[in-house]
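**Student:** Here's a structure for you.
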Amino acid sequence: MSLIVQKYGGSSVADAESIKRVAKRIVQTRKAGNEVVVVVSAMGDTTDELMDLAHEVVPLPSGRELDMLLTAGERIAMALLAMSIKSLGVDARSYTGSQAGMITDAQHGSARIVDVTPGRVREALDEGAVAIVAGFQGFNRVTGDITTLGRGGSDTTAVALAAALKADVCEIYTDVDGIFTSDPRQVPSARKIDRITSEEMLELAAAGAKVLYIRAVEYARRHGVTLHVRSSFNNNEGTLVVNPVDGENSVEEPLIAGVAADLSQAKITVAGVPDIPGKAAQIFTIVASSNANIDMIVQNVSAAATGRTDISFTLPKTEGSATIAALEAQRESVGFEMLQYDDQIGKLSLVGAGMRTNAGVSAKLFTALFESGINIEMISTSEIRISVVTRADTINDAVRVVHSAFDLDGDTPAVVHGGTGR
Ligand code: ADP
Ligand code: ASP
Ligand code: MG
Numbered sequence: 000m001s002l003i004v005q006k007y008g009g010s011s012v013a014d015a016e017s018i019k020r021v022a023k024r025i026v027q028t029r030k031a032g033n034e035v036v037v038v039v040s041a042m043g044d045t046t047d048e049l050m051d052l053a054h055e056v057v058p059l060p061s062g063r064e065l066d067m068l069l070t071a072g073e074r075i076a077m078a079l080l081a082m083s084i085k086s087l088g089v090d091a092r093s094y095t096g097s098q099a100g101m102i103t104d105a106q107h108g109s110a111r112i113v114d115v116t117p118g119r120v121r122e123a124l125d126e127g128a129v130a131i132v133a134g135f136q137g138f139n140r141v142t143g144d145i146t147t148l149g150r151g152g153s154d155t156t157a158v159a160l161a162a163a164l165k166a167d168v169c170e171i172y173t174d175v176d177g178i179f180t181s182d183p184r185q186v187p188s189a190r191k192i193d194r195i196t197s198e199e200m201l202e203l204a205a206a207g208a209k210v211l212y213i214r215a216v217e218y219a220r221r222h223g224v225t226l227h228v229r230s231s232f233n234n235n236e237g238t239l240v241v242n243p244v245d246g247e248n249s250v251e252e253p254l255i256a257g258v259a260a261d262l263s264q265a266k267i268t269v270a271g272v273p274d275i276p277g278k279a280a281q282i283f284t285i286v287a288s289s290n291a292n293i294d295m296i297v298q299n300v301s302a303a304a305t306g307r308t309d310i311s312f313t314l315p316k317t318e319g320s321a322t323i324a325a326l327e328a329q330r331e332s333v334g335f336e337m338l339q340y341d342d343q344i345g346k347l348s349l350v351g352a353g354m355r356t357n358a359g360v361s362a363k364l365f366t367a368l369f370e371s372g373i374n375i376e377m378i379s380t381s382e383i384r385i386s387v388v389t390r391a392d393t394i395n396d397a398v399r400v401v402h403s404a405f406d407l408d409g410d411t412p413a414v415v416h417g418g419t420g421r
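Right under this line is the structure:
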């Protein structure tokens with residue numbers, strides 16, 4: 000008997016019909032003789048709608064109350080799913096995150112899992128029932144409050160339960176057939192990948208591919224959980240996220256795994272910074288104190304006449320205004336001339352483990368963008384990723400052009416089965 004954790008995303012349980020469809024699939028898995036734990040997200044765009052509602056009531060909702068509100072979404076889905084499964088003659092019990100033992104720190108909106116104590120889930124399985132767990136939520140023992148794990152966090156719930164219960168596999172069911180070489184919603188010629196390394200998936204997730212949540216990929220890698228991303232709309236094989244042992248299978252690795260786009264970032268330029276030791280340290284200490292997660296950093300050569308330079312960096316748009324305010328407050332002590340804020344940027348990232356051993360990838364990327372008249376504003380690289388910043392309105396073209404230049408296009412158009420892409 001295998002223990003299977005199945006996670007169903009919001010688009011897979013968007014309405015009553017979808018819930019019944021998913022219930023049938025779960026019942027089939029159970030009847031095939033497996034123990035089944037299901038993690039479910041809120042129906043459709045419920046989380047976004049609840050978030051909008053909160054902001055209609057107050058501009059800055061309290062973190063505690065926002066978490067209380069958002070976790071209601073998963074609670075609705077889990078109860079409906081359990082009812083539907085029971086109606087098909089299989090016992091099922093739903094559990095909130097705290098009932099399922101998802102213990103987190105106290106950080107509302109982006110809590111981290113610190114312990115998983117799924118005693119009640121284990122009991123339900125032992126009694127032959129399917130356990131349904133609300134994704135994306137946890138409980139802090141010190142404050143006694145309900146927390147959420149960050150947007151997309153149901154993936155993490157599934158992986159954490161799979162690790163704690165020593166599941167054989169963690170299946171992530173979504174509205175596309177697996178992980179593609181690019182987002183099938185943006186790039187219809189994207190090709191489904193059969194196997195991807197967790198290292199590549201981490202880079203893609205960090206670069207904006209929301210098919211898997213980055214923390215879930217990290218958690219799975221650390222705990223040796225096998226992830227299988229598939230569609231809940233058909234029985235196609237999907238994509239396996241694997242953790243290759245060092246040196247194993249590196250010969251057959253494709254050069255490029257995929258291309259991702261990220262439109263959630265903004266660029267701040269600190270202009271006219273005195274080019275003397277300590278200024279970068281000062282600026283980024285201020286940025287860190289506003290808790291901003293910065294990504295790319297570029298420093299210009301200083302102008303000989305003035306001895307001043309410009310320093311630019313990217314950060315999530317959501318952290319823009321707090322960071323600008325923090326820097327503005329220290330203008331005199333840093334001695335810079337002015338700040339520029341630009342939220343019309345897009346970031347394209349090309350990811351592939353084969354980059355380590357192949358020269359010429361950057362040259363090919365830059366050439367493809369040049370030939371399409373797309374200007375590059377910033378560049379950063381890691382061992383297996385190259386990212387460039389362009390204007391936001393050129394990002395879709397940029398992704399398609401780069402996707403083709405690296406021969407990633409498939410023969411048939413990719414199918415998106417559901418979801419609104421929100
Ligand atoms: P769920 O509701 O199931 O959690 P998400 O919307 O979080 O689904 O993630 C699935 C979506 O991720 C797809 O519909 C697709 O638009 C997007 N996506 C982005 N990049 C990729 C990629 N490389 N491969 C597959 N899907 C991707
Ligand atoms: N419902 C939550 C969200 O929309 C969690 C998830 O779907 O993973 O972010
Ligand atoms: Mg998701």
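Residue numbers (numbering that gives the first Met the number 0): 0 to 421. Glycine included, every Cβ here is placed at the ideal spot set by N, Cα and C.
(1) Can we count Ser153 as close to the ligand ASP, meaning its CB is less than 6 Å from some heavy atom?
(2) Check whether the segment 119–136 touches the segment 82–101, counting contact only when three or more Cβ pairs, one atom from each stretch, lie closer than 8 Å.
(3) Return helix, strand or coil for Ala413, following the three-state DSSP convention.
(4) Whole angstroms are fine: how far does the CA of His54 sit from the CA of Pro60?
(5) Helix, strand or coil, according to DSSP, for Leu80 in the structure here?
(6) To test your reading of the DSSP string, which unbroken alpha helix (DSSP H) runs of 4 or more residues are found completely within the segment 378–413?
(7) So Gly409 packs on Ser188, CB below 8 Å; how close in whole Å?
(8) In terms of residues, what are the limits of the beta strand (DSSP E) holding Ile344?
(9) Would you call the CB atoms of Ala206 and Asp154 closer than 7 Å?
(10) Report whether the distance from the Cβ of Ala208 to the nearest heavy atom of the ligand ADP is below 6 Å.
(11) Three-state secondary structure (DSSP) at Gly118?
(12) Name the residue from Leu164, Ala22, Gly351, Ala287 whose alpha carbon lies nearest to the alpha carbon of Ile383.
(13) Can you tell me whether Val56 is buried or exposed? The criterion is at least 16 other CB atoms within 10 Å of its CB, across all chains shown.
(14) For Leu52, name the three-state secondary structure that DSSP assigns.
(15) Where Thr305 and Lys278 are concerned, what is the direct C-alpha to C-alpha distance, given to the nearest angstrom?
(16) Whole-angstrom Cβ separation of His416 and Asp174, contact assumed at under 8 Å?
(17) Verify the contact flag: Gly43, CB atom, against every heavy atom of the ligand MG, threshold strictly below 6 Å.
(18) Under three-state DSSP, which class holds Tyr218?
(19) CB Ala422 to CB Ala259, shorter than 7 Å?
(20) If distances are taken between C-alpha atoms only, which option among Ser11, Val4, Lys6 comes closest to Gly420?
(21) Check for me: the alpha helix (DSSP H) holding Asp154 runs from which residue to which?
(22) Quick one: grab the DSSP three-state call for Arg29.
(23) Could you tell me the boundaries of the alpha helix (DSSP H) in which Ala362 lies?
(24) According to DSSP, Gly257 sits in a beta bridge with which residue or residues?
(25) Report the residue ranges of all beta strand (DSSP E) runs contained in full by the segment 78–112; include only those spanning at least 3 residues, in chain order.
(26) Does any heavy atom of the ligand MG sit closer than 6 Å to the C-beta of Gly72?
(27) To the nearest angstrom, report how far apart Ser348 and Ala204 are at their CA atoms.
(28) Beta-carbon within less than 7 Å of Asp396's beta-carbon, same chain only, minus the 5 sequence neighbours each way: which residues are those?
**Tutor:** Put simply:
(1) Correct: Ser153 has its Cβ closer than 6 Å to the ligand ASP.
(2) The segment 119–136 is in contact with the segment 82–101.
(3) In this structure, Ala413 counts as coil in the three-state DSSP scheme.
(4) Straight-line spacing of the CA atoms in Pro60 and His54 works out to 7 Å.
(5) Reduced to three states, the DSSP call for Leu80 is helix.
(6) Complete alpha helix (DSSP H) runs here, min 4: 394–404.
(7) Rounded to the nearest angstrom, the Cβ distance from Gly409 to Ser188 is 6 Å, consistent with a contact under 8 Å.
(8) 344–350 is the span of the beta strand (DSSP E), which, as asked, contains Ile344.
(9) No, Cβ-Cβ distance for Ala206 and Asp154 is not below 7 Å.
(10) Within the cutoff, so yes.
(11) In the displayed model, Gly118 falls within a helix according to three-state DSSP.
(12) Per the C-alpha coordinates, the member of Leu164, Ala22, Gly351, Ala287 positioned closest to Ile383 is Gly351.
(13) Taking a 10 Å sphere around the C-beta of Val56, we find fewer than 16 other C-beta atoms and assign the residue as exposed.
(14) Secondary structure of Leu52 (DSSP, three-state): helix.
(15) Taking the straight line from one Cα to the other gives about 15 Å.
(16) 5 Å between Cβ atoms; contact.
(17) Gly43 Cβ: outside cutoff for every heavy atom of the ligand MG.
(18) Residue state, collapsed to three classes: helix.
(19) For residue 422 there is no data in the structure shown, the boundaries of the chain being 0 and 421.
(20) That would be Ser11, whose Cα lies nearest to the Cα of Gly420.
(21) Annotation: the continuous alpha helix (DSSP H) that includes Asp154 extends over 153–163.
(22) Taken through DSSP and simplified to helix, strand or coil, Arg29 comes out as helix.
(23) Start and end: 360–370.
(24) Answer is Val350, bridged to Gly257.
(25) For the segment 78–112, whole beta strand (DSSP E) runs of length 3 or above, ordered along the chain, are 91–94, 101–103.
(26) It does not: the Cβ of Gly72 is nowhere closer than 6 Å to a heavy atom of the ligand MG.
(27) Approximately 10 Å between the Cα atoms of the pair.
(28) Within the same chain, Asp396 has close Cβ partners Ser371, Ile373.
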